[in-house]
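Take a look at the structure set out below.
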Amino acid sequence: MLILTTILIYFCVLMVMGRVTSRKSTNDTFYRGERKSPWYMLALGLVGASISGITFVSVPGMVIRQDMTYLQTCLGFIVGYFVVAFVLLPVYYRLNLTTIYTYLQKRLGRRSYKTGALFFLLSEMTGTALRFYVVCSILQRFVFGQAGIPFGVTVVLLVLLIWLYTRRGGIKTLVWTDTFQTICMMAALLIIIAEVVGKLDMTMGEAFSAVMADSHSRIFVFDDFVSTQNFFKQFISGVFIVVVMTGLDQHMMQKNLTCKTLRDAQKDMCVGGFFFVPVNFLFLALGVLLMMLAAKEGMTIPADSDELLPMFAASGWMGNLVLVLFSIGIVAASFSGTDSALTAVTTSFCVDIKERPTDERLRRVAHLGVCALFALFILMFRVINSTSVIDAIYIVLSYTSGPLLGLFSFGILTRSRVNDKLVPYICVASPLICFAVDQLTTHLTGYKFGYELLLLNGILVFIGLFFTGKMKRA
């Protein structure tokens with residue numbers, strides 16, 4: 000009951016913030032925040048929007064099998080954010096875009112534009128629903144289920160709450176609520192770390208030294224190129240993950256297009272990008288400390304690495320304070336990404352698909368419809384309840400970002416025209432070819448592609464656009 004009360008108070012704060020920030024709201028408020036967002040608020044909110052509830056649970060457990068090698072990817076993030084800031088943002092601001100996919104129409108053509116927007120809608124809606132389904136399942140298991148609330152009610156209630164505080168202010172509201180939720184998430188993380196350190200009978204200084212001396216504190220891997228933890232693979236993957244998952248994603252870019260000037264947006268992107276290394280270091284350090292605590296208490300490390308933090312925090316073993324903080328941390332981390340994703344999907348549908356950016360009635364109906372469809376997706380995943388099917392959906396989603404990389408890189412890096420009629424076919428064929436290459440390579444050599452498959456996907460689209468454009472001119 001304590002947890003439910005705390006979560007209810009948390010949502011009351013979000014509702015108040017939504018009410019205050021949505022006064023005299025218009026479509027310009029919902030889509031672009033009236034271009035008045037402070038860059039430092041966006042920089043802080045960027046962290047929360049990029050860290051999902053799954054991340055909150057999963058990253059501490061990564062140290063069990065991968066040590067702290069994930070930080071290599073985080074270092075690549077920094078370079079990726081600089082690329083977004085100084086390559087992509089100038090293009091978006093120069094064209095005064097509401098959605099970033101409008102660039103594709105201006106540069107490549109109408110079918111390219113619609114293809115990019117549809118790839119975004121497919122991957123964003125399905126991917127966000129999958130991630131939120133996992134979070135809902137965790138909350139249902141440890142919080143709502145114990146209160147006798149059915150899973151369907153949990154999903155509908157949580158999605159309804161998101162709709163309520165975002166329905167008027169949209170992106171302007173999210174600039175402030177995401178900052179608040181990032182603060183809540185980080186406070187929860189820091190206090191949980193402090194509680195674990197106390198259980199280990201250490202000071203903070205001793206805990207830091209113990210973490211750095213632990214065998215699981217290994218960060219860099221230079222000697223094994225085949226390993227998916229190899230530094231160059233992880234670092235380069237980190238760069239492209241940010242370029243594609245942030246710079247080419249309306250969900251992540253929409254708030255960054257609400258700054259007054261390009262310079263403010265670049266400051267937001269660069270400063271926010273630096274936060275990811277220390278934040279993820281804290282998550283990984285927590286994982287090492289939890290393994291130490293398990294050894295001290297004679298507890299078995301769970302086979303599923305995602306269960307490491309819940310084993311201590313969600314079970315009540317560390318007391319009600321940690322249980323409440325764990326719940327708030329998951330809610331804050333998941334909601335700060337989900338609310339902006341639903342707003343971005345609504346924006347892209349109204350602006351890119353319907354091409355009616357000034358129609359307020361369409362925007363209100365679309366936002367409600369997107370939220371309803373989102374809840375339906377989550378309930379559908381619950382009915383499927385098959386790990387193999389859900390894993391297959393995740394695999395499909397991992398291929399849908401490559402075409403966007405190819406489209407934008409071709410538009411920005413070349414002056415060539417494309418055969419616009421063939422673009423949809425190229426963007427569908429490329430992920431299928433990548434899947435075949437991955438399966439064949441694994442079967443013949445045992446080598447398993449990691450994030451580098453995203454780069455291959457983008458290259459194939461780029462090549463397809465280049466040669467079909469040449470054929471058209473010939």
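Count the sequence shown with numbering that gives the first Met the number 0 and you get residues 0 to 473, in order.
Beta carbons are placed, not taken as given, at the ideal position from N, Cα and C, and that holds for glycine.
Relative to the Cα of residue 325, the nearest Cα in the group 194, 24, 73 and 113 belongs to 194. Your pair residue 468 and residue 417 checks out as a contact, with CB atoms roughly 5 Å apart and the cut at 8 Å. Residues of the same chain with a CB within less than 6 Å of the CB of residue 360, apart from the 5 flanking positions on each side, do not exist. Per DSSP, reduced to three states, the secondary structure at residue 36 is strand. By a beta-carbon distance limit of 8 Å, residue 217 contacts residue 67. Their separation comes to about 6 Å. Taking 3 residues as the minimum length, the segment 349-381 contains no beta strand (DSSP E) run wholly inside it.
Within the same chain, 128, 131, 132, 135 and 154 come within 7 Å of residue 377 by CB-CB distance, once the 5 residues on both sides are set aside.
In this model, residue 348 and residue 365 are separated by some 8 Å (Cα to Cα). With a contact defined as Cβ atoms closer than 8 Å, residue 419 and residue 116 miss out at about 14 Å. Take the alpha-carbon of residue 214 and the one of residue 290: they are about 11 Å apart.
Contact between residue 275 and residue 73 holds, with the beta-carbon distance rounding to 5 Å and staying under 8 Å. With a threshold of 16 other beta carbon atoms within 10 Å, residue 258 meets it and is buried. Secondary-structure assignment with DSSP links residue 258 through a beta bridge to 36. Relative to residue 404, the option among 16, 24 and 118 whose CA is nearest is 118. The count of Cβ pairs closer than 8 Å, one atom from the segment 158-168 and one from the segment 9-20, reaches three, so the stretches are in contact. The beta carbon of residue 356 sits closer than 8 Å to those of 26, 30, 97, 349 and 350, all from its chain and outside the five residues before and after it, given in chain order. Taking a contact as a CB-CB distance under 8 Å, the pair residue 256 and residue 91 counts as one, their CB atoms being some 6 Å apart. For residue 26, the enclosing alpha helix (DSSP H) begins and ends at 26-31.
Short of 8 Å from the beta carbon of residue 309, and not among the five residues preceding or following it, lie these beta carbons of its own chain, in chain order: 56, 137, 141 and 325.
Straight through space, the alpha carbons of residue 320 and residue 152 are spaced by roughly 26 Å. Here the segment 262-277 makes no contact with the segment 430-440; the two share fewer than three CB pairs at distances below 8 Å. For residue 169, the secondary structure class from DSSP, reduced to helix, strand or coil, is coil. The closest CA to that of residue 185, considering only 423, 303, 445 and 280, is found on 280. Going by DSSP, residue 144 is part of no alpha helix (DSSP H) at all; its letter is neither H nor E. Counting the other CB atoms within 10 Å of its CB gives residue 435 a total below 16, which places it among the exposed residues. Inter-segment contact for the segment 192-206 and the segment 31-43 is absent: fewer than three beta-carbon pairs are separated by less than 8 Å. When the beta-carbon positions are compared, residue 446 and residue 225 come within less than 8 Å of each other. For residue 41 and residue 444, the gap between their C-alpha atoms comes out near 45 Å. The C-alpha of residue 161 lies about 6 Å from the C-alpha of residue 338. Taking every protein chain shown into account, the CB of residue 383 has fewer than 16 other CB atoms within 10 angstroms, so this residue is exposed. In the three-state reduction of the DSSP assignment, residue 67 falls in the coil class, being assigned neither a helical nor a strand state.
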